[in-house]
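Please read the structure below before turning to the comments.
2 protein chains.
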Amino acid sequence: MPDATPDPATAALAHDLRIACMRVARRVRFDADNTIAPHHFSVLVRLHEQPRTLGELAAIEQVSAPSMSRSVGQLAELGYVERAPDPDDGRLVRLSLTPDGRRVLEREREHRDAWMAARLEGLSERDRTLLRRATDLVEGILEADRAQDRARRGESR
Amino acid sequence: MPDATPDPATAALAHDLRIACMRVARRVRFDADNTIAPHHFSVLVRLHEQPRTLGELAAIEQVSAPSMSRSVGQLAELGYVERAPDPDDGRLVRLSLTPDGRRVLEREREHRDAWMAARLEGLSERDRTLLRRATDLVEGILEADRAQDRARRGESR
DNA sequence: TATTGTTATACTCTATAACTATA
DNA sequence: TATAGTTATAGAGTATAACAATA
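Listed in order, the protein sequences are those of chains Z and D. To convert a position in the first sequence, counted from 1, into the numbering used here, add 13. To convert a position in the second sequence, counted from 1, into the numbering used here, add 13.
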C-alpha cells in the first residue's frame, strides 16, 4: 500500500480538524452537569436503536462481556434497562429500555446538544449553512470508514 | 438567563455536528494502534507547549495533584519527562520534555493525524476548502468558550 | 462439547486524607 | 502557618479466568 505524504495544506487541515473535533467531544463528554456516566449513556443509545443481547452490546461497545454485564446490572438497578429471557434460547438475555430509560436518554441528549446549540445561535445563517455542509461531509467520511471496517472484519472471518 | 429554544434546523445541526465530532474523537482516541495512553499524551502536549510545574499541569488537565504526580512519575520512568527542582523555590518541581519525549509526541501526533489525512485526500479540493473554513469556525467557537470560562473562573475567585 | 452470561479476582486510573519539605 | 508535592488508602471501571446454565 503506497503511503503518499499528503500536501501540507491537507496535513494541516487533518490536524486542525482532528483537534477541533476532540475538543468539542471533550467539552461535551466531561461537562460537569452530565447526569449519567458516558459508558452508561452509550448503552442507552444502543438499546434505543433496538433491543439487543448482552453479547451484542459488548461487541458493539468493544468491552468485555463481564464489563457489559456489570454496566447493564447498574442500569437495571436504576430502572433504565429491562432484562428478559429469550423465549427460544434460554442462554440469551434480551435487553431493552424501560420508559424511564427512554426519558433519561432523551433528557441527556438534549443536555449534550444544548451547549453546541447555544454557540451556533451566535453565528450568522451563512456560517450555519457552511457548518451544515461540513457536518454532512464528515458524516460521509465516518460512514465510509465504518463500511470499510465491516468489510475488513468480514473478510478476516 | 433566557433559554430560548433554537429553531429546528439549528437544533438538528447542533446534534449532528456534536455527534460527528464525538465519533471522530472516539475513532482517533481509541485507535488500537496508539502507542501511548490518552492521559499521557495530553501531558506531553502540555509540556511541549512549555515547561510547567506539577500543580500547573494538574490544574490544566483538571485532575488531582496525586493523579498527576503518578502520571508524571510514569512518564519520567519511561524517560519522556524530566523533573528538576526550582532554583528559587525548593517546593516546586519543574517539568519538561526530554528529547525522547519530544520524539514520542511527534510520532504519536503524526499517527493520530494519519487517519484523518488519508480520508481528506479522498475528497475534492472544493470539499477540503469547505472543511478548512468549518474548522476555523469551530476553533473560533471553542476559543470564545475558553475565554468565557476564564472570565467566569476569574470573577468567582 | 460449544456458547451465553455471571461471578471471582486482579490491575489501572482517579480521588481524598495524611504526611514531608520548604517558604 | 501556608503551600507544593508525595505517599497511603479507597472507589470505580475494565480485563482475564473460572463457573453455571442451556443448546
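Positions of the beta carbon are idealized from the N, C-alpha and C atoms, including for glycine.
Using 10 angstroms around the beta-carbon of residue i, count the other beta-carbons present and answer buried if the total reaches 16, otherwise exposed.
i, result
"D/Arg96", "exposed"
"Z/Arg125", "buried"
"D/Gly103", "exposed"
"Z/Thr18", "exposed"
"D/Thr142", "exposed"
"D/Ser27", "The sequence shown places Ala at residue 27 of chain D, not Ser. So D/Ala27 counts as buried."
"D/Arg132", "buried"
"Z/Ala45", "exposed"
"Z/Ala147", "buried"
"Z/Arg36", "buried"
Who are the neighbours of residue i on chain D, taking C-beta pairs under 7 Å?
i, result
"Z/Ala164", "In chain order: nothing, as chain D lies at least about 16 Å away."
"Z/Asp140", "Leu150"
"Z/Arg146", "Leu143"
"Z/Glu134", "Pro19, Thr23"
Starting from residue i, find everything on chain Z with Cβ-Cβ shorter than 9 Å and list it in chain order.
i, result
"D/Ile73", "The premise fails here: D/Ile73 is roughly 13 Å from chain Z at the closest Cβ pair, so nothing lies under 9 Å."
"D/Glu152", "Asp29, Ile32, Ala33, Arg36"
"D/Val41", "Arg31, Cys34, Met35"
Quick one: residues in its chain with C-beta nearer than 7 Å to the C-beta of residue i, no 5 flanking neighbours on either side, listed in chain order?
i, result
"Z/Ser84", "His52, His53, Val56"
"D/Ala164", "none"
"D/Glu138", "none"
"D/Met81", "Leu67, Leu70, Ala71, Glu74"
"D/Pro64", "Arg107, Leu108, Ser109"
Please check the pair residue i and residue j, which I expect to be a contact at CB under 8 Å, by giving their CB distance rounded to whole angstroms.
i, j, result
"Z/Leu108", "Z/Leu70", "7 Å"
"D/Leu144", "Z/Leu30", "6 Å"
"Z/Ala8", "D/Ala38", "The displayed coordinates of chain Z run from 14 to 170. Any statement about residue 8 of chain Z would go beyond what the structure contains."
"D/Asp99", "D/Leu91", "Actually they are not in contact, since the Cβ atoms of D/Asp99 and D/Leu91 sit about 23 Å apart, beyond 8 Å."
"D/Glu152", "Z/Ala33", "6 Å"
"D/Asp140", "Z/Leu150", "6 Å"
"Z/Glu134", "D/Thr23", "6 Å"
So which residues of chain D does residue i contact, with C-beta pairs closer than 9 Å?
i, result
"Z/Ala160", "The contacting residues do not exist; Z/Ala160 stays about 12 Å from chain D at best."
"Z/Leu105", "Residues of chain D passing the Cβ test: none, with the nearest at roughly 28 Å."
For residue i, which residues in chain Z fall below 7 Å Cβ to Cβ?
i, result
"D/Met129", "Ala27, Leu30, Arg31"
Check the Cβ of residue i against every Cβ in chain D and list those closer than 8 Å, keeping chain order.
i, result
"Z/Ala24", "Asp126, Ala130"
Which residues in the same chain have their Cβ closer than 8 Å to the Cβ of residue i, if we skip the five residues on either side of it in sequence?
i, result
"D/Val94", "Val56, Leu57, Leu60, Val85, Leu88, Leu108, Ser109, Leu110, Thr111, Gly114"
"D/Glu121", "Asn47, Thr48, Ile49, Phe54, Leu57"
"D/Val41", "Arg125, Trp128, Met129"
"D/Ser77", "Ala71"
"D/Asp101", "none"
Starting from residue i, find everything on chain Z with Cβ-Cβ shorter than 8 Å and list it in chain order.
i, result
"D/Leu155", "Ala33, Arg36, Val37, Arg40"
Which same chain residues, not among the five before or five after residue i, have their C-beta less than 6 Å away from its C-beta?
i, result
"D/Gln161", "none"
"D/Leu118", "Leu57, His61"
Run through the segment 81 to 167 of chain D for me and flag every whole alpha helix (DSSP H) of 4 or more residues, listed as ranges in chain order. Counting only runs of 4+ residues, the alpha helix (DSSP H) found wholly inside the segment 81 to 167 of chain D occupies 112 to 134, in chain order.
Complete runs of the alpha helix (DSSP H) confined to the segment 41 to 79 of chain Z [at least 4 residues]: Taking only runs of at least 4 residues, the alpha helix (DSSP H) segments lying wholly in the segment 41 to 79 of chain Z are 51 to 62, 67 to 74.
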